[in-house]
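Line by line, the protein sequences give chains P and Y.
Per my numbering, the very first residue in the first sequence carries number 7; after that it's consecutive.
Per my numbering, the very first residue in the second sequence carries number 45; after that it's consecutive.
Note that the Cβ used here is the ideal one computed from N, Cα and C, for glycine as well.
What follows is a single structure, written as structure tokens, with notes after it.
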Amino acid sequence: MSQEKISKIKKIQSTGHLRKIMADYFYELDRAAKEGSPKVAWCSSVGPAELLLSLGFVVHYPENHGAVLGSSRKANDYIPVANAIGYSPDICSYLTSDVGSFIKKETPLSRAYEGIEGVAKPDVLVYNTNQCRDVQDWFNWYSRELGVPAIGIHTYRNIGEIKDEYLHSIVKQTENLIPTLEKISGNKFDVDKFREVLSLSRECTLMWKKVLEANAAIPAPISFFDATIHMGPAVVLRGSPQAVEYYKVLLEELNEKIKNKDGAVENEKFRLYWEGMPIWGKLRDLAEFFIDLRTAVVASTYCNSWIFDSFDPKDPFLSMARAYTEIFIVRDENFKENYIENMVNKYKLDGILFHDAKTCPNNSNNRYGMPERLAKKLKIPSITINGDLNDLRCYSEEQAKTNIEAFIEQLESR
Amino acid sequence: MNHFAGIDVGASTTKAVIIDKNREILGHSVKDSGADFKAAAEKAFAEAKKQAKKKAEDEYFVVSTGYGRRNVSFAGDTKTEISCHAKGSFYYFPESHTLIDIGGQDSKIIKVNASGNRTGFKMNRKCAAGTGAFLEEMANRLKIKLEKLNELAEKSEKDVQIGSYCTVFSATEILTKIREGVEVKDLVKGIFHSIIKRAIEMDPLEGNIVMSGGVVAHNPFLVSMFEEKLEKKIFVPPLPQLTGAFGAALFALEEKGG
Numbered sequence: 007m008s009q010e011k012i013s014k015i016k017k018i019q020s021t022g023h024l025r026k027i028m029a030d031y032f033y034e035l036d037r038a039a040k041e042g043s044p045k046v047a048w049c050s051s052v053g054p055a056e057l058l059l060s061l062g063f064v065v066h067y068p069e070n071h072g073a074v075l076g077s078s079r080k081a082n083d084y085i086p087v088a089n090a091i092g093y094s095p096d097i098c099s100y101l102t103s104d105v106g107s108f109i110k111k112e113t114p115l116s117r118a119y120e121g122i123e124g125v126a127k128p129d130v131l132v133y134n135t136n137q138c139r140d141v142q143d144w145f146n147w148y149s150r151e152l153g154v155p156a157i158g159i160h161t162y163r164n165i166g167e168i169k170d171e172y173l174h175s176i177v178k179q180t181e182n183l184i185p186t187l188e189k190i191s192g193n194k195f196d197v198d199k200f201r202e203v204l205s206l207s208r209e210c211t212l213m214w215k216k217v218l219e220a221n222a223a224i225p226a227p228i229s230f231f232d233a234t235i236h237m238g239p240a241v242v243l244r245g246s247p248q249a250v251e252y253y254k255v256l257l258e259e260l261n262e263k264i265k266n267k268d269g270a271v272e273n274e275k276f277r278l279y280w281e282g283m284p285i286w287g288k289l290r291d292l293a294e295f296f297i298d299l300r301t302a303v304v305a306s307t308y309c310n311s312w313i314f315d316s317f318d319p320k321d322p323f324l325s326m327a328r329a330y331t332e333i334f335i336v337r338d339e340n341f342k343e344n345y346i347e348n349m350v351n352k353y354k355l356d357g358i359l360f361h362d363a364k365t366c367p368n369n370s371n372n373r374y375g376m377p378e379r380l381a382k383k384l385k386i387p388s389i390t391i392n393g394d395l396n397d398l399r400c401y402s403e404e405q406a407k408t409n410i411e412a413f414i415e416q417l418e419s420r
Numbered sequence: 045m046n047h048f049a050g051i052d053v054g055a056s057t058t059k060a061v062i063i064d065k066n067r068e069i070l071g072h073s074v075k076d077s078g079a080d081f082k083a084a085a086e087k088a089f090a091e092a093k094k095q096a097k098k099k100a101e102d103e104y105f106v107v108s109t110g111y112g113r114r115n116v117s118f119a120g121d122t123k124t125e126i127s128c129h130a131k132g133s134f135y136y137f138p139e140s141h142t143l144i145d146i147g148g149q150d151s152k153i154i155k156v157n158a159s160g161n162r163t164g165f166k167m168n169r170k171c172a173a174g175t176g177a178f179l180e181e182m183a184n185r186l187k188i189k190l191e192k193l194n195e196l197a198e199k200s201e202k203d204v205q206i207g208s209y210c211t212v213f214s215a216t217e218i219l220t221k222i223r224e225g226v227e228v229k230d231l232v233k234g235i236f237h238s239i240i241k242r243a244i245e246m247d248p249l250e251g252n253i254v255m256s257g258g259v260v261a262h263n264p265f266l267v268s269m270f271e272e273k274l275e276k277k278i279f280v281p282p283l284p285q286l287t288g289a290f291g292a293a294l295f296a297l298e299e300k301g302g
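Put into structure tokens, the structure is as follows:
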């Protein structure tokens, strides 16, 4: 590859707005924890956040904190601390880095936001096992440590068709959370408030979807690496007007880029799908690497996982059960393959990159022959790189980059 | 430009190949990569030039490859070792084939179609299993020189199995077998079997098979064992350790040879 190194990540102007609303969010959480009101709930990232918000909780998402630990490259200071108390290096490195940072009483949030000394302490921990079992084990650790209740929803996993009985069970489980949450929050459940939050979440999700769909344009206006940062509001501020407003601003900027053919990668030659978790500690490095390879990572399962189009304020419990069950990670191999096939066609992709994240089996979809099946079916090549979301001990930079570079050389020689 | 060179800076050794416009190899060399990739590349290139009996003022276009490809300051271009191995292998075996390259730090399975284009590839995962580094560690444990492994394995008539994937676990397994009185030659053959198993696990080995790399160059008996396992003939290029460097030289010729 003799091409001149360009490595310049183009600025997204909306980032200033993003930083502002994220800072407001963290300060609001901090204030609530310090003042004891409103109550703080911790929620798994695709947990019943809308229910919690409707009951007046402010919500902290430990997976978001995990990503902050990864992207600030602090995770490897903390993972060994959790390993040492019996939490294996083979389990979720969000869990181990988050628990390790708690034990060491440190968080990158303190550096980013003056006056914040630690993560806001929870009054209740609420999980949904739709992502994995690890969230439950993660929250249970805190429950034991802090003496606060951990309650949750157990989702049917690895499913194809979404059967009514699954959803009815989840509705029942969600309803069963209410008495405990009412007691802790001191607020009575109000279905109209729930509908209102769900309606805002729906608006947020539809705007986020439009942001991601902007990348159907050639060249793609935003890279996967930037999108993982800009999805912050869809994760932690869904259910709020600020998130909706933010995505309107971002979408407008992306539409302008599309109009000006201003791609995230200058002279975009190839377009790839990223399947699996981001490698948080290497976002910038990989973004620059792909820019040098004139390759746009256009679409991903990860960023798509915060699209919940089934939310329906008219039927809040059932629609929330459906929205949080129909996500990619919950589904069987056939669904996942069809899903990726649609992405490849929709975004006109040249290849698929599978990230085998050592500590995240549920987001490592290369492990049951999917790359081989998709390559055969779609007639486009795929590559698997070994790494991890947070644990950089599992990532061999040289090997990963040689693999990616060789993959692009293969695309060039077609 | 009449002279073209490929420099393959691998994890263990650095290889240089000089060819002319007719793809004839004029000179080649292999040097230890050591800790200074730049120096190793210069040394290997100087020796290949000496062998090629070229004048000091002759000009070369160089393509570098391998782990240290970006450390070759005199290279005009770089390519990954995966592309270079495929290129070098297809020159000697111009049919669709699967190339198994066992290098010092990694092993690769590369699929090449009848036009010489790569259709896919896989590299071993992060650990040393199935690579030259695995052989080095085992030889070290057994206190045998690397160059003695081949003749020892050849003498073995037994089938000793090393079951572990991990290099450290394999070493422990070897210690157990030494305690049980297993002969060294049988252990070495077992170690060769282990390398073969790791390659078989990586990708289906269908169609024509070509093998390259330093491990193959120094251990031809490993190829015989592989042939027995696959029940088919395996093609080995004339200078198997230089396949990547030769491929890089072919890229250099393609790029600047008109």
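Residues that residue i bridges to, as DSSP identifies them
{"i": "G50/Y", "result": "V61/Y and V107/Y"}
{"i": "K166/Y", "result": "I153/Y"}
{"i": "V65/P", "result": "A47/P"}
{"i": "E281/P", "result": "F360/P"}
{"i": "S388/P", "result": "I358/P"}
{"i": "A133/P", "result": "Rather than Ala, the amino acid found at residue 133/P in this sequence is Tyr. Looking at the DSSP assignment, Y133/P forms a beta bridge with G158/P."}
{"i": "R337/P", "result": "I165/P"}
{"i": "A305/P", "result": "Y279/P"}
{"i": "G393/P", "result": "A363/P"}
{"i": "M269/Y", "result": "BP columns for M269/Y are empty, so no partner."}
Neighbour list for residue i in chain P, Cβ cutoff strictly below 9 angstroms
{"i": "D150/Y", "result": "Q405 and T408"}
Bounding residues of the beta strand (DSSP E) (the contiguous stretch that carries residue i)
{"i": "G71/Y", "result": "I69 to D76"}
{"i": "I222/Y", "result": "Unbroken run through I222/Y is the alpha helix (DSSP H), T211 to R223; no beta strand (DSSP E)."}
{"i": "T408/P", "result": "Unbroken run through T408/P is the alpha helix (DSSP H), E403 to E418; no beta strand (DSSP E)."}
{"i": "I144/Y", "result": "H141 to I146"}
Separation of residue j from residue i, as counted between CA atoms
{"i": "C98/P", "j": "S256/Y", "result": "39 angstroms"}
{"i": "V107/Y", "j": "A49/Y", "result": "6 angstroms"}
{"i": "L417/P", "j": "D36/P", "result": "49 angstroms"}
{"i": "P68/P", "j": "H236/P", "result": "18 angstroms"}
{"i": "S8/P", "j": "R113/Y", "result": "Residue placement at S8/P cannot be trusted, given a pLDDT of 46 that sits under 50; the coordinates are not used to answer."}
{"i": "A84/Y", "j": "G78/Y", "result": "7 angstroms"}
{"i": "F279/Y", "j": "A293/Y", "result": "21 angstroms"}
{"i": "A289/Y", "j": "E343/P", "result": "39 angstroms"}
{"i": "T21/P", "j": "N396/P", "result": "23 angstroms"}
{"i": "T365/P", "j": "N82/P", "result": "13 angstroms"}
{"i": "H23/P", "j": "A92/Y", "result": "59 angstroms"}
{"i": "D64/Y", "j": "Q405/P", "result": "32 angstroms"}
{"i": "A173/Y", "j": "T124/Y", "result": "21 angstroms"}
{"i": "I423/P", "j": "L212/P", "result": "What the structure shows of chain P is the stretch from 7 to 420, and residue 423/P is not part of that stretch, so it cannot be assessed."}
{"i": "I297/P", "j": "F230/P", "result": "12 angstroms"}
{"i": "A119/Y", "j": "C171/Y", "result": "30 angstroms"}
{"i": "V304/P", "j": "S103/P", "result": "29 angstroms"}
{"i": "V259/Y", "j": "K75/Y", "result": "15 angstroms"}
{"i": "L186/Y", "j": "A215/Y", "result": "9 angstroms"}
{"i": "L115/P", "j": "S151/Y", "result": "42 angstroms"}
Bounding residues of the alpha helix (DSSP H) (the contiguous stretch that carries residue i)
{"i": "V271/P", "result": "No alpha helix (DSSP H) contains V271/P, which DSSP labels as neither H nor E."}
{"i": "I176/P", "result": "D170 to S191"}
{"i": "L384/P", "result": "M376 to L384"}
{"i": "S99/P", "result": "S99 to I109"}
{"i": "H262/Y", "result": "G258 to H262"}
{"i": "E294/P", "result": "L289 to D298"}
Residues that residue i contacts on chain Y, provided the C-beta gap is smaller than 7 angstroms
{"i": "Q416/P", "result": "R162"}
{"i": "P387/P", "result": "G164"}
{"i": "A412/P", "result": "T124, I126, S127 and F165"}
C-beta neighbour in chain B for residue i, strict 9 angstroms
{"i": "T365/P", "result": "The question asks about chain B, but that chain is absent: this structure's protein chains are P and Y."}
Proximal residues of chain P, C-beta to C-beta of residue i below 8 angstroms
{"i": "M167/Y", "result": "Q405, T408 and N409"}
{"i": "Y111/Y", "result": "E404 and T408"}
Residues that residue i contacts on chain Y, provided the C-beta gap is smaller than 9 angstroms
{"i": "R201/P", "result": "In chain order: nothing, as chain Y lies at least about 49 angstroms away."}
Interface residues of chain Y facing residue i [CB-CB closer than 8 angstroms]
{"i": "S419/P", "result": "S127, N161 and R162"}
Checklist entry - Counting Cβ pairs closer than 8 angstroms, one from the segment 241-256 of chain Y and one from the segment 266-274 of chain Y, do we hit at least three? => result Taking a cut-off of 8 angstroms on C-beta distances, the segment 241-256 of chain Y touches the segment 266-274 of chain Y, as three or more cross pairs fall below it.
Checklist entry - Would you call the segment 134-141 of chain Y and the segment 177-190 of chain Y in contact, with 3 or more CB pairs under 8 angstroms? => result In short, these stretches do not touch, since the Cβ pair count stays below three.
Item to check | Touch test, the segment 212-231 of chain P against the segment 256-272 of chain P, Cβ-Cβ under 8 angstroms, three pairs minimum | outcome: Short answer: they touch.
Next on the checklist: Using a Cβ distance threshold of 8 angstroms, determine whether the segment 186-201 of chain Y contacts the segment 223-230 of chain Y, with at least three qualifying pairs required.
Outcome noted: The segment 186-201 of chain Y, when compared against the segment 223-230 of chain Y, does touch it at the 8 angstroms Cβ threshold.
Next on the checklist: I'd like to know if the segment 202-211 of chain P and the segment 317-330 of chain P are in contact, where contact means that at least 3 CB-CB pairs between them fall below 8 angstroms.
Outcome noted: With a cut-off of 8 angstroms on Cβ pairs, the segment 202-211 of chain P is in contact with the segment 317-330 of chain P, counting three or more such pairs.
Checklist entry - Three or more beta-carbon pairs under 8 angstroms between the segment 165-172 of chain P and the segment 191-198 of chain P, yes or no? => result No, they do not touch.
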